[in-house]
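Sequences listed follow chains A and B, in order.
If you're matching positions, the first sequence starts at 1 in my numbering and goes up one per residue.
If you're matching positions, the second sequence starts at 1 in my numbering and goes up one per residue.
Right, one structure below, let's go through it.
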Amino acid sequence: MFTRRHFFKSAGAAAVSAAAVSRVGAASLPEAVVQTDARTQPPPAPGNGRHFNPVVTLNGWSLPWRMNRGVKEFHLVAEPVVRELAPGMKANLWGYNGQSPGPTIEVVEGDRVRIFVTNRLPEHTSIHWHGQRLPNGMDGIMGLTQPGIPPGKTFVYEFEAKRPGTFMYHPHADEMVQMAMGMMGFWVTHPKDHRFMQVDRDFVFLLSGYDIEPGTATPKVNTMLDFNLWTFNSRVFPGIDSMNVRQGDKVRVRVGNLTMTNHPIHLHGHEFTVTGTDGGWTPPASRWPEVTTDIAVGQMRAVEFIADAPGDWAFHCHKSHHTMNAMGHAVPTMIGVDHAGVAEKINKLVPDYMVMGDKGGSMDGMEMPLPPNTLPMMTGDGPYGSVEMGGMFTVLKVRKEQKRGDYTDPGWYRHPAGTVAYEWTGELAEPTRSSSAGGKLMPLKQGADLNLNVRKPSGHTGHN
Amino acid sequence: MRTIHWRAPAAACAVVLLAGCSTFSPDGGLDAVSSMTGARIGQPVSFKRDDAALRAAADAVLKQPLSVQGAVQVALAHNSGLKAALAELGISEADLVQAGRLRNPGFSFSRSRAGDEREIERALSVDLIGLITMPIRQRIEQRRFERAQVTAARSAVRLAHDTQKAYFEALAANERARYMEQASQATEASAELARRMARAGNWSALDQAREQAFHAETLDGLDQARLGAVAARETLAQLLGVTAGEGGFVLPERLPALPDTLRPLQNVEQEALASRLDIQAAKADTAETARALGLTRATRLVNVLEAGYINTSTSGEPRKNGYEVSLELPLFDWGGANTHRAEARYMQSLHLAADTALRARSEVRLSHAAYLGAYARARRYRDEIVPLRRQVSNEVLLRYNGMLASVFELLVDAREQIASVQASIDAQRDFWIAETALQAAIHGSGSKE
Chain A
1 MFTRRHFFKS AGAAAVSAAA VSRVGAASLP EAVVQTDART QPPPAPGNGR
51 HFNPVVTLNG WSLPWRMNRG VKEFHLVAEP VVRELAPGMK ANLWGYNGQS
101 PGPTIEVVEG DRVRIFVTNR LPEHTSIHWH GQRLPNGMDG IMGLTQPGIP
151 PGKTFVYEFE AKRPGTFMYH PHADEMVQMA MGMMGFWVTH PKDHRFMQVD
201 RDFVFLLSGY DIEPGTATPK VNTMLDFNLW TFNSRVFPGI DSMNVRQGDK
251 VRVRVGNLTM TNHPIHLHGH EFTVTGTDGG WTPPASRWPE VTTDIAVGQM
301 RAVEFIADAP GDWAFHCHKS HHTMNAMGHA VPTMIGVDHA GVAEKINKLV
351 PDYMVMGDKG GSMDGMEMPL PPNTLPMMTG DGPYGSVEMG GMFTVLKVRK
401 EQKRGDYTDP GWYRHPAGTV AYEWTGELAE PTRSSSAGGK LMPLKQGADL
451 NLNVRKPSGH TGHN
Chain B
1 MRTIHWRAPA AACAVVLLAG CSTFSPDGGL DAVSSMTGAR IGQPVSFKRD
51 DAALRAAADA VLKQPLSVQG AVQVALAHNS GLKAALAELG ISEADLVQAG
101 RLRNPGFSFS RSRAGDEREI ERALSVDLIG LITMPIRQRI EQRRFERAQV
151 TAARSAVRLA HDTQKAYFEA LAANERARYM EQASQATEAS AELARRMARA
201 GNWSALDQAR EQAFHAETLD GLDQARLGAV AARETLAQLL GVTAGEGGFV
251 LPERLPALPD TLRPLQNVEQ EALASRLDIQ AAKADTAETA RALGLTRATR
301 LVNVLEAGYI NTSTSGEPRK NGYEVSLELP LFDWGGANTH RAEARYMQSL
351 HLAADTALRA RSEVRLSHAA YLGAYARARR YRDEIVPLRR QVSNEVLLRY
401 NGMLASVFEL LVDAREQIAS VQASIDAQRD FWIAETALQA AIHGSGSKE
């Protein structure tokens with residue numbers, strides 16, 4: 001839902017600058033449109049300007065514009081926001097126009113674009129238009145190509161969207177802090193010919209990582225790699241919307257990486273090809289089929305595939321820690337540790353203590369109180385129980401009956417009879433096991449006694 | 001011994017009649033001690049020569065978990081040191097009675113022969129000096145007797161305070177040992193878990209050794225805490241005058257709760273001035289000196305100021321108690337110097353009394369400040385630190401639930417929470433000890449009695 005507010009009438013941190021700018025003439029500025037909802041907003045067809053096939057920003061939206069004597073005018077407001085990362089957890093972030101990431105900017109190749117950027121942050125900022133061909137002074141590098149935009153001030157960027165493709169925007173002032181706080185947004189420049197590389201569904205999202213201590217809401221901005229929340233568009237599973245498509249649709253997914261590590265993004269049930277990077281469209285002859293593409297730091301990838309296999313297909317980062325949500329990285333492994341007797345002793349001291357982790361990391365659907373504003377480590381229920389995932393995970397839902405242009409969630413896939421894995425109830429032969437670990441190349445000097453340590457699964461006996 | 005020969009049987013008879021008026025009191029002076037003590041320790045005390053009833057009541061108290069008042073009651077009934085102080089009172093009274101009696105008249109008969117001459121001498125001797133100095137000696141002995149009463153009362157009050165202090169120490173030491181036991185359970189669980197984790201191949205020998213060393217250290221702390229509890233119990237038992245062993249007495253689990261209201265400084269200063277035994281003694285001394293001054297002025301014959309009691313002690317020998325009265329014949333000195341001296345003595349006594357009062361008020365103020373400080377500290381522990389520690393534990397548990405923290409963090413926190421409860425108990429104990437010290441400053445002879 002958009003809420004339109006006349007930016008300069010609103011009270012707040014920018015009161016001083018508001019007065020200053022309004023004297024110049026508020027009428028010359030486009031409205032700053034604010035989004036209050038974290039759900040995916042289906043794209044409206046462009047109302048004016050050149051036609052294009054709009055993208056769908058996963059758990060996001062596209063920024064409305066106005067045409068001013070042939071120039072497409074946008075108004076971005078950099079400001080503190082509260083972003084719902086998933087139901088049950090909200091984060092104090094910095095973003096644009098009410099959300100983090102900010103709205104997707106969609107323009108058409110050759111468009112003259114004017115972007116007003118108002119800074120309502122407590123410190124200076126700037127915007128770098130990642131990947132664009134533009135005059136050097138519009139590149140947004142504070143100190144190098146422009147002064148910072150001070151708090152309360154509005155700057156204007158203006159350039160021609162020359163090259164079609166996939167881009168993003170983010171600050172290039174106090175960059176580490178501002179990106180750790182969630183300042184970023186997507187940019188798509190559509191080709192002049194809307195039939196060029198046309199697809200039926202075009203999903204876009206940015207990858208970002210946050211380190212938010214359990215029980216808090218503000219990211220730790222000094223964390224370098226040990227983030228505990230890995231997000232698609234500042235959302236974590238189960239808060240990430242599914243990508244709902246019609247069977248047979250040509251689907252494009254564009255992903256930009258603004259974290260500090262690479263992400264192997266993996267799709268189940270289909271092969272895709274990488275058709276674009278932030279450098280442009282890849283030549284068709286250079287493409288090869290993949291089911292995982294690694295998106296390096298500061299890179300963008302557009303992957304395309306025909307969604308011909310009906311079902312609910314997982315789509316996620318293949319670094320398993322990135323599909324966890326907040327977890328204690330220093331927690332020792334408890335697998336196979338006998339708790340008999342000790343558990344009772346601990347219970348005397350800590351009455352609400354429960355043995356966990358001795359059979360693995362699965363929480364077995366246990367529901368225990370957590371610190372406030374904290375998501376369980378592995379969560380999200382599917383039709384067969386807990387999916388035991390978090391973070392960078394969503395589902396591609398391919399349905400025969402999904403209508404063209406319909407992005408609503410069709411619900412769980414109903415598998416045809418006999419197409420779901422099932423339990424074997426017949427006889428089980430004992431498998432033959434190797435007794436010569438180490439082989440001949442580097443034979444062990446001492447006999448391997450590891451077998452003594454292997455605790456064979458024995459059901460649920462002896463545990464609390 | 002000065003003896004003069006007395007040959008008048010009629011006069012001797014009069015002396016015998018005079019001497020008969022001094023007798024022993026029915027309570028042996030104990031009633032006064034009881035009332036002095038009772039008013040100061042806040043519970044009725046009844047010392048009797050035959051203290052069977054007192055002991056029976058104390059023994060009944062011993063069957064229940066001991067309250068602080070109960071402990072004082074038992075100590076007053078059983079403590080042998082106090083009994084010795086009370087016995088001293090009997091000695092004093094005997095001296096007093098003795099002072100009111102004349103030495104028995106003596107009769108001597110001698111027969112001597114020098115050469116052929118024989119001499120038979122019959123003499124009846126009467127203690128004339130004793131007769132003349134009797135009122136003075138009686139007054140001195142009366143004063144000694146009163147001092148003995150005050151001393152006995154002071155011993156009783158001091159015993160009450162010492163017992164209270166030892167009582168709180170013993171309770172706190174018990175609680176400390178109990179909490180150390182919990183802490184050692186936490187480290188035992190850590191060490192055992194570490195051992196099993198190492199056995200399962202999940203933990204290194206390094207981590208395991210660390211946990212086990214920690215457990216061993218906690219066990220050492222537990223042993224010390226237990227020893228401390230035994231020592232504190234023994235100290236209390238000595239004051240109570242009963243055995244610390246099985247069946248001696250039972251201590252309650254917890255220290256008494258903090259009071260809701262505190263005693264204001266104004267009240268305690270006034271109370272101390274009215275109640276402190278050293279102030280009372282100083283006042284009595286001044287009054288006595290005043291009386292002596294009057295007497296010296298009146299008689300100029302009897303060296304009353306010299307008639308103070310002798311109280312000398314030589315190391316290795318029993319303390320010498322007694323008094324000396326000297327009678328002068330006014331041949332050369334008509335007593336002018338004595339009067340000056342008596343006046344100076346009187347002034348000295350006045351200044352000493354003023355000094356005692358000043359010191360007493362200062363001590364009470366200091367004790368009161370310590371009492372307020374201890375109260376604030378105990379309350380901070382009770383109302384802030386311990387609840388916050390508990391909150392920390394709850395938060396750690398929430399993190400454990402989310403697999404954000406390990407069971408070891410849970411156990412470390414349990415130990416820390418136990419330590420803060422222990423510190424809270426110590427603060428509570430310190431408050432009650434400060435309260436006892438304040439009582440001592442008000443009612444006894446100061447906090448350093």
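Cβ coordinates follow ideal geometry from the N, Cα and C atoms, glycine included.
- Residue pairing from DSSP places H75/A in a beta bridge opposite F116/A.
- With a cutoff of 9 Å on beta-carbon distance, Q417/B and R389/B are scored as near each other.
- Look at I105/A here: in three-state DSSP terms it is strand.
- If only uninterrupted alpha helix (DSSP H) runs of at least 4 residues are considered, none is enclosed by the stretch 362-416 of chain A.
- Going by DSSP, G165/A is part of the beta strand (DSSP E) stretching over 165-170.
- When beta bridges are read from the DSSP output, G106/B appears opposite S125/B.
- DSSP lists F272/A as the beta-bridge partner residues of E290/A.
- Closest in C-alpha terms to L58/A, from the list G215/A, F186/A, P214/A, K153/A, comes F186/A.
- Here A314/A carries a strand assignment [DSSP, helix/strand/coil].
- Collapsing the DSSP output to three states places T57/A in a strand.
- Residue contact check for K348/A against chain B: a CB pair falls below 9 Å.
- Chain-ordered, the chain B residues with CB closer than 7 Å to the CB of T374/A read G402.
- Using a Cβ distance threshold of 9 Å, V33/B and A153/B count as a contacting pair.
- For F168/B, no CB of chain A lies under 9 Å from its own CB, so it is not counted at the interface with that chain.
- Taking a cut-off of 8 Å on C-beta distances, the stretch 332-344 of chain A touches the stretch 201-208 of chain B, as three or more cross pairs fall below it.
- Within the same chain, Q69, V72, Q73 come within 8 Å of Q43/B by CB-CB distance, once the 5 residues on both sides are set aside.
- Burial check for M134/B: the Cβ neighbour count within 10 Å reaches 16 or more, so the residue is buried.
- DSSP places A32/A inside the beta strand (DSSP E), whose first and last residues are 32-35.
- CA-to-CA, the gap between G280/A and H339/A works out to about 57 Å.
- Here the alpha carbon of V420/A sits roughly 17 Å from the alpha carbon of V398/A.
- In this structure, DSSP gives H194/A a state outside helix and strand, which the three-state scheme calls coil.
- Residue-level contact check: L85/A does not touch chain B, since none of the beta carbons of chain B fall below 9 Å from its beta carbon.
- Membership of D430/B in the alpha helix (DSSP H) is indicated by the continuous run 407-443.
- The way I'd put it, the stretch 176-195 of chain B does touch the stretch 208-218 of chain B; three or more beta-carbon pairs between them come closer than 8 Å.
- Under the DSSP definition of a beta bridge, P80/A partners with W94/A.
- Nearest CB-CB separation between R382/B and chain A: not below the 9 Å threshold.
- Residue-level contact check: G201/B touches chain A, since one or more beta carbons of chain A fall below 9 Å from its beta carbon.
- Rounded to whole angstroms, the separation of the alpha carbons of N244/A and K403/A is 10 Å.
- The alpha-carbon separation between H368/B and L86/B amounts to approximately 31 Å.
- Taking the beta carbon of D193/A as reference, no residue of chain B falls within 7 Å; the closest one sits roughly 52 Å away.
- Within the same chain, N257, T259, H263 come within 6 Å of L207/A by CB-CB distance, once the 5 residues on both sides are set aside.
- Assigned with DSSP and collapsed to three states, Y422/A falls in coil, not helix or strand.
- Here DSSP, grouped into helix, strand and coil, assigns L251/B to coil.
- Secondary structure of T231/A (DSSP, three-state): strand.
- Residues A353 of the same chain have their beta carbon placed closer than 8 Å to that of K283/B, with the five preceding and five following residues left out of the count.
- At a C-beta separation below 8 Å, V331/A has these neighbours in chain B: M403, L404, A405, S406.
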